[in-house]
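What follows is a set of notes on a single structure, which appears directly below.
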Amino acid sequence: MSIQAVIQDYISEDDFRRFEDKYTTEKRNNILSDTTTFEYSWCLIRSQYKEDIRKGVALLEGLCSSKTDQRDYLFFIAIGHYKLAEYNMALKHVKRLLAIEPKNHQAKDLEQLIHTKLKSDGLLGMAMVGGATLVAAGAVLLGFAVTKK
Numbered sequence: 030m031s032i033q034a035v036i037q038d039y040i041s042e043d044d045f046r047r048f049e050d051k052y053t054t055e056k057r058n059n060i061l062s063d064t065t066t067f068e069y070s071w072c073l074i075r076s077q078y079k080e081d082i083r084k085g086v087a088l089l090e091g092l093c094s095s096k097t098d099q100r101d102y103l104f105f106i107a108i109g110h111y112k113l114a115e116y117n118m119a120l121k122h123v124k125r126l127l128a129i130e131p132k133n134h135q136a137k138d139l140e141q142l143i144h145t146k147l148k149s150d151g152l153l154g155m156a157m158v159g160g161a162t163l164v165a166a167g168a169v170l171l172g173f174a175v176t177k178k
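Under the numbering used here, the sequence shown has 161 at position 132, and the numbering climbs by one with no breaks.
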């Protein structure tokens with residue numbers, strides 16, 4: 030599966046409810062496993078809602094601190110940050126993953142996608158600043174022209 034397909038993959042309502050119910054039941058009964066937390070986090074990150082994605086990232090970051098199977102956790106944390114347009118955080122996590130697993134092709138593809146996005150957003154930001162500067166300069170010139178009359 031391409032990195033674009035991973036990013037654009039959304040979970041169905043039925044699957045979301047199934048994993049949410051499993052997570053809620055285990056949590057309520059104090060038998061919550063890392064596997065169930067991961068599965069639910071993965072569903073949250075595949076949601077179309079930013080608050081769900083944030084919750085999924087937070088749950089995965091909690092799992093990361095337990096030092097178990099960090100590879101998958103780091104990958105989906107990076108995906109979550111990317112979907113939230115938090116590209117620097119996405120890059121930080123994908124670099125951590127590549128430090129653990131340097132030949133991971135999906136992580137390399139995600140890193141490249143993040144760099145491309147950062148570059149394009151940087152250029153867009155510069156264009157917006159340039160455009161705002163031109164508008165301000167035009168307003169100043171217009172002000173001078175009006176006051177001279």
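Positions of the beta carbon are idealized from the N, C-alpha and C atoms, including for glycine. Note that the coordinates shown come from a computational prediction; the quantities given were computed from them, not determined experimentally.
Query: Pull up the distance between the alpha-carbon of histidine 110 and that of methionine 118, whole angstroms please.; Result: 6 Å
Query: Can you find the residues in the same chain that come closer than 7 Å, C-beta to C-beta, to aspartate 44, ignoring five residues on each side of it along the sequence?; Result: Cys72
Query: Might you give, ordered along the chain, the residues of its own chain that have their beta carbon closer than 7 Å to the beta carbon of aspartate 38, omitting 5 neighbours on each side?; Result: Arg75
Query: Using C-beta distances below 7 Å, list every residue in its chain close to isoleucine 36, excluding the 5 sequence neighbours before and after it, in chain order.; Result: Ile108, Tyr111, Lys112
Query: Leaving out five residues on either side along the sequence, give the residues of the same chain with a beta carbon under 7 Å from the beta carbon of asparagine 133.; Result: Leu126, Leu127
Query: For serine 70, which residues from the same chain have a beta carbon less than 6 Å from its beta carbon, with the 5 sequence-adjacent residues on both sides left out?; Result: Gly85, Leu88, Leu89
Query: According to DSSP, is aspartate 81 helix, strand or coil?; Result: helix
Query: Are glutamine 135 and phenylalanine 104 close, meaning C-beta to C-beta below 8 Å?; Result: yes
Query: Please report the straight-line C-alpha distance between isoleucine 129 and tyrosine 102, rounded to a whole angstrom.; Result: 12 Å
Query: Please give me, in chain order, every unbroken run of the alpha helix (DSSP H) with length at least 4 that falls completely inside the segment 62 to 138.; Result: 63 to 74, 79 to 93, 99 to 112, 116 to 129
Query: Using three-state DSSP, classify serine 31 as helix, strand or coil.; Result: coil
Query: So what's alanine 156 in DSSP terms, helix, strand or just coil?; Result: For alanine 156, the predicted structure reports a pLDDT of 46, less than 50, and the residue's modelled location is therefore unreliable. A value from the coordinates is still provided. Helix at alanine 156.
Query: Given that a residue counts as buried once 16 or more other Cβ atoms are within 10 Å of its Cβ, and exposed if not, what is glutamate 80?; Result: exposed
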